[in-house]
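Asker: In the numbering used here, the protein residues as written are 166 to 304.
Where is the CB? At the ideal position from N, CA and C, for every residue including glycine.
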């Protein structure tokens with residue numbers, strides 16, 4: 166029994182060195198390297214009313230080539246004053262935010278789709294099947 170425990174500990178160490186250990190026994194990611202690896206290997210990025218994280222989720226998906234589905238909600242125009250539509254219009258409304266998500270992804274060469282979810286409230290989803298296997302987005 167002690168030999169088995171020692172072998173498991175050694176395997177855990179090897180896994181951590183590879184960056185494959187996701188976290189402690191609770192399943193929480195506790196290692197910065199493991200968190201980065203987890204994010205880089207995600208096949209889809211999902212945000213349901215992600216508030217201030219909306220743009221960061223899109224940038225993560227574009228940087229990794231992962232598929233994404235984002236259901237934006239609040240605009241936070243005062244916090245994101247540099248967000249602009251292609252024509253220079255500041256992003257100040259929900260309609261603007263949805264358009265900004267589409268334009269930003271399309272500018273990175275990603276085919277974007279949009280639909281409405283069967284729920285009340287802000288229910289527009291902007292999504293893409295991603296571009297894994299293609300070149301990562303510039304920048």
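Grab the span of the beta strand (DSSP E) containing residue 293 for me, first residue to last.
Answerer: Taking the chain shown and counting its residues from 1, one reaches residue 293 at position 128. Its beta strand (DSSP E) spans residues 289-293.
Asker: Which residue or residues does DSSP assign as beta-bridge partners of residue 234?
Answerer: Position 69 of the chain shown, counted from the start, is the residue given in the question as residue 234. In DSSP, residue 234 forms a bridge with 211 and 292.
Asker: In whole angstroms, what is the alpha-carbon distance linking residue 263 and residue 287?
Answerer: Counting from one through the chain shown, the residue named residue 263 turns up at place 98. Counting from one through the chain shown, the residue named residue 287 turns up at place 122. Going by the C-alpha atoms only, they are around 11 angstroms apart.
Asker: Put residue 247 into one of helix, strand or coil per three-state DSSP.
Answerer: Within the chain shown, residue 247 is the residue found at index 82, counting from 1. Here residue 247 sits in coil by DSSP.
Asker: Measuring only the C-alpha atoms, how far is residue 250 from residue 200?
Answerer: Residue mapping note: residue 250 aligns to position 85 of the chain shown, counting from 1. Residue mapping note: residue 200 aligns to position 35 of the chain shown, counting from 1. If you take the alpha carbons of residue 250 and residue 200, they lie about 32 angstroms apart.
Asker: Taking only three categories from DSSP, how would you classify residue 282?
Answerer: As a first step, residue 282 must be located in the chain shown, where it is residue number 117. The answer is coil: DSSP assigns residue 282 none of H, G, I, E or B.
Asker: Using a 10 Å radius around the Cβ and a threshold of 16 neighbouring Cβ atoms, would you call residue 244 buried or exposed?
Answerer: As a first step, residue 244 is located in the chain shown; it is residue number 79 there, counting from the start. With fewer than 16 Cβ atoms within 10 Å of its Cβ, residue 244 is classed as exposed.
Asker: Work out the CA separation of residue 229 and residue 214 for me, nearest whole Å.
Answerer: Numbered from 1 along the chain shown, position 49 holds the residue referred to as residue 214. Numbered from 1 along the chain shown, position 64 holds the residue referred to as residue 229. Taking the straight line from one Cα to the other gives about 21 angstroms.
Asker: Could you tell me the distance, in whole angstroms, from the CA atom of residue 285 to the CA atom of residue 217?
Answerer: Here residue 285 refers to the residue found at position 120 of the chain shown. Here residue 217 refers to the residue found at position 52 of the chain shown. About 21 angstroms.
Asker: What number of angstroms, rounded off, separates the C-alpha of residue 209 from the C-alpha of residue 235?
Answerer: On the chain shown, position 44 is the one that residue 209 refers to. On the chain shown, position 70 is the one that residue 235 refers to. Using only the alpha carbons, I get a separation of about 11 angstroms.
Asker: Could you check whether residue 256 and residue 277 sit closer than 8 angstroms to each other, using their CB atoms as the reference points?
Answerer: As a working note, residue 277 is residue 112 in the chain shown. As a working note, residue 256 is residue 91 in the chain shown. Not a contact, by the Cβ cut-off of 8 angstroms.
Asker: Rounding to the nearest angstrom, what Cα-Cα distance links residue 253 and residue 202 in this structure?
Answerer: As a position in the chain shown, residue 253 is number 88, starting the count at 1. As a position in the chain shown, residue 202 is number 37, starting the count at 1. For residue 253 and residue 202, the distance between alpha carbons rounds to 36 angstroms.
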